[in-house]
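See below for the structure under consideration.
Residue numbers (our numbering): 1069 to 1503.
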């Protein structure tokens, strides 16, 4: 059935086209839907498929996995699920952060009418994926992510909801002898707060129930590591999605409100615009287009890759006024190599990630002790120094990723986790578009 399901997953009417032109080669859509329904491959809104996950990991002879959570915008519509006699598409109610399955199981038409009058249609689909960690390190044989749960949400959940939900997922995995190593998300403020509270990293509020859990990880830290702020005990680890981090780094460069600079060197998009508009260079020299510098396209990852190509730094070197922009793009290139490039070794990942962290710490320290003059600012008005630096979510994402990467390496070094967990480029939330 695998080839049949592969055809069925193709977009558009590909499946029907092949079935009609190769008569008898593929089952009808009705038959295929029945097969999928009987194979327990369907997803019930708000239900977590822990048993199916256990079977999946058992078949792969592994108990380690990493989870990712992300939401995506959807067309707001309500559909009836005949299998469960319930309606899906409303915002799923949460119980301590966990969605309640079949919350809209219908008993009467009046009940349905009340829901349409009072309940909100879900503008977002929240998806939980689990990445099994196989003993095979071959990049071409990375296990397919497992869909753990999906449900409709809105933007009114809190960081506490996220913490309760992660604890729920972890405990249910633990009951089935599954060791969930950690979670990956984007830099949404609630996910960021949840990560900081759970790990105790740069957070005034800490949740001791996470650190005191009997199954929490524990590492030995050298006393001279005053630069390492993660606590010795961690229930699970965290990674901020590197794709989002890279695009945030690019978007800060394109921002009209930022005034980036390294010392006396200005960091500005004007240096790149000068290259594009210069008669001295052609597109063959730099590979950029005006759309690559469009700040409205905030998720343009391909633009980030163009900005860190070897051509751009070589051209910026010729402009003595562009030293700051040159360094900024080099840091962006290091981030890509540290967390996204599959070919990077683990020692290189450590070196590169902490290089960016230390540069950012020095950069922010210099900004804090510097005095800035702004002609448009009143004499006694406090200047917002944050505009001279990368965004706070981007900086915290770098700190979180570097700390957790080093923590993960120490766990492997102390033989508390297998070396396969160091395959960190698969710990991200970017398989959601595929879902």
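Where is the CB? At the ideal position from N, CA and C, for every residue including glycine.
The straight-line gap separating the alpha-carbon atoms of residue 1385 and residue 1086 is approximately 54 Å. Counting only the Cα atoms, residue 1181 lies some 21 Å from residue 1151.
The beta carbon of residue 1145 is closer than 8 Å to those of 1157, 1189 in its chain, skipping five residues each way along the sequence. Between residue 1136 and residue 1256, the C-beta spacing is not below 9 Å.
For residue 1195 against residue 1218, the beta-carbon gap comes to about 5 Å, under 8 Å, which counts as contact. Beta-bridge annotation (DSSP): residue 1132 is paired with 1247. Taking the Cβ atoms as the reference, residue 1474 lies roughly 21 Å from residue 1400, outside the contact range of under 8 Å. Around the CB of residue 1387, fewer than 16 other CB atoms lie within 10 Å, so the residue is classed as exposed. The shortest C-alpha to C-alpha distance from residue 1173 to any of 1184, 1149, 1167 is the one to 1149.
When DSSP states are grouped into helix, strand and coil, residue 1126 belongs to the helix group. With contacts defined by Cβ atoms closer than 9 Å, residue 1133 and residue 1246 form a contacting pair.
Collapsing the DSSP output to three states places residue 1273 in coil.
The residue among 1480, 1328, 1248, 1457 with its C-alpha nearest the C-alpha of residue 1216 is 1248. In this model, residue 1290 and residue 1391 are separated by some 37 Å (Cα to Cα). By the Cβ rule, the stretch 1341-1353 does not count as touching the stretch 1484-1493, because fewer than three pairs are nearer than 8 Å.
Secondary structure note for residue 1284: it is in no beta strand (DSSP E), with a DSSP letter that is neither H nor E. Residue environment for residue 1116: buried (at least 16 other C-beta atoms within 10 angstroms of its C-beta). For residue 1477, there is no enclosing beta strand (DSSP E); the residue is part of the alpha helix (DSSP H) that begins and ends at 1460-1481. Spanning the alpha carbons of residue 1322 and residue 1336 requires a straight line of approximately 8 Å. An exposed status is given to residue 1090, since fewer than 16 other beta-carbon atoms sit within 10 Å of its beta-carbon. Secondary structure of residue 1084 (DSSP, three-state): helix.
In this structure, residue 1197 lies away from residue 1464, with their beta-carbon atoms at least 9 Å apart.
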